[in-house]
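J.: Each residue of the sequence shown is one higher than the last, beginning at 4 in our numbering. Even for Gly, the Cβ is constructed at its ideal location relative to N, Cα and C.
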Amino acid sequence: MRHGRLVGLVVLENDLGAGVFSEAVASVASIIAGQAAVSLENARLFEAQRRRSEAFARFVPRPFLEHMGHSQIEDVRLGEAVQQDITVMFADLRGSTSLSETMGVSDYFGLINAFLAQVTPAIGEAGGFVDGFTGDGCRAIFIGPADAAVAAAVAMQRRLRRYNRTRRDDGLVALEMGIGVHTGPALLGTIGVADRMATTVIGDTVNTASRLEGLTKFYRAPVLISRATRDRLRDAAAFSIREVGRDQVRGHQAALSVHEVIDARPRRERAELGATVYDFGRALEGYFARAFAEAEAGFAHCLERAPGDITARHYRDLARQHARDGVPEGWDGVNRREAK
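Put into structure tokens, the structure is as follows:
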């Protein structure tokens, strides 16, 4: 054994008086040499295939292939698709446009790649895989219980906070990220043309996850999930979650019940908001039931314990306004969003 590799040695003995190898020994030597050459060539081909598979895996996630019933990229055909219940995550870097305007192209690409290198490992560690990159963010897929996606989202925000401490030490601006998560049926398959195709995931589940990511800007929340995702959690008690609103997003007729994962916030905010989850939920129920005076008092009580809760302050002010001025006919408390 040498440096972790098995080393073999073949010794051929010959009659010293013969001067040369006998015909029998020469025949054996020829066979061994031929087999050695074949073995070396096979090893070279195996290594080339391994490197090729690793290269393909950079563009086509192996879990994607497995869920389509394939083990090799060569087996994939255009137009193949399977429908499956999945959890989709969209993660997006905030303020990337303004950042790009203050940086050179090379520096900006370096920033995006450094950001992704910091946060995306949490996806694989939780059992998901990155399905694609969106310029300044990524889309990830999780098969099975939704707990893995929510845990990954929380871990990604924590990783970003650690990275920001390093950036601040270097005199750089801190980065912010919004994450949206939704669970439901989707098609995993291949699209394109015969000589140029790509794997993708298609369906309303994908669009809804993208809309939830966009709503993180309105709710000032690091991670938002849908009611569908919350209902698919095997251990919902493992997370601190509150409903923050009902939104009719672009492309949808029905309102979407939006929930915030409080665990994704910094420690102090987690403690303050976590202590008001029950009271906030009761106040929000009163708000949707048009019990505005009670809702206003409930949200005010939440603000006493969590003064920085922008969402509670927003609803307190709305409840006060509605109690004073009334609401239009047909009011249902749903926020109707036109932006993506």
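For N210, is the classification buried or exposed, using 16 other Cβ atoms within 10 angstroms of its Cβ as the cut-off for buried?
T.: Buried, by the Cβ-count rule.
J.: May I have the straight-line CA-CA distance separating T186 from A152, to the nearest angstrom?
T.: So the alpha carbons of these two residues sit roughly 10 Å apart.
J.: Could you give the distance in angstroms between the alpha-carbon of F145 and the alpha-carbon of S33?
T.: Whole-angstrom Cα-Cα distance: 55 Å.
J.: How about G135 and R142: are their beta carbons less than 8 Å apart?
T.: In this structure, R142 lies closer than 8 Å to G135 by Cβ.
J.: Give the C-beta separation of A158 and A129 to the nearest angstrom, bearing in mind that I take them to be a contact with Cβ-Cβ under 8 Å.
T.: Indeed they touch by this definition, with Cβ atoms about 7 Å apart.
J.: With distances taken Cα to Cα, identify the nearest neighbour of E263 among R293, L218, G140.
T.: Ranking the options by Cα distance to E263, first place goes to L218.
J.: Look up G183 in the DSSP assignment and give the residues it is bridged to.
T.: G183 pairs with F93, L227.
J.: Output the distance between the C-alpha atoms of L163 and A298, rounded to the nearest integer angstrom.
T.: Cα to Cα, the separation comes out at about 35 Å.
J.: Go ahead and label G174 buried or exposed: buried means 16 or more other beta carbons lie within 10 angstroms of its beta carbon, across all protein chains shown.
T.: So G174 counts as exposed.
J.: Quick check on P148: does DSSP put it in helix, strand or coil?
T.: Reduced to three states, the DSSP call for P148 is coil.
J.: Between T314 and V252, how many whole angstroms is the CB-CB distance? I'm expecting something under 8 Å.
T.: Not really, about 17 Å apart at Cβ, beyond 8 Å.
J.: Within this structure, are the beta carbons of G192 and E83 separated by less than 8 Å?
T.: Cβ distance < 8 Å, so G192 and E83 count as in contact.
J.: Considering only the alpha carbon of each residue, which of A303, R47, R223, T203 lies closest to P2?
T.: What the structure shows of the chain is the stretch from 4 to 343, and residue 2 is not part of that stretch, so it cannot be assessed.
J.: Please determine, among G329, D335, L276, the residue with the shortest C-alpha to C-alpha distance to E288.
T.: The candidate whose alpha carbon is nearest that of E288 is D335.
J.: Once DSSP output is grouped into helix, strand and coil, what is the label at Q38?
T.: Of the three classes helix, strand and coil, the one that applies to Q38 here is helix, per DSSP.
J.: Helix or strand or just coil, what does DSSP make of S260?
T.: Of the three classes helix, strand and coil, the one that applies to S260 here is strand, per DSSP.
J.: Short of 8 Å in beta carbon distance, which residues of its chain neighbour E332, apart from the five on each side in sequence? Order them along the chain.
T.: Cβ within range, chain order: n/a, list empty.
J.: Just to confirm the assignment, what range does the beta strand (DSSP E) spanning D134 have?
T.: Segment 132 to 136, the beta strand (DSSP E) holding D134.
J.: Under 8 Å, do D139 and I115 count as touching if we go by C-beta distance?
T.: For D139 and I115, yes; Cβs fall inside 8 Å.
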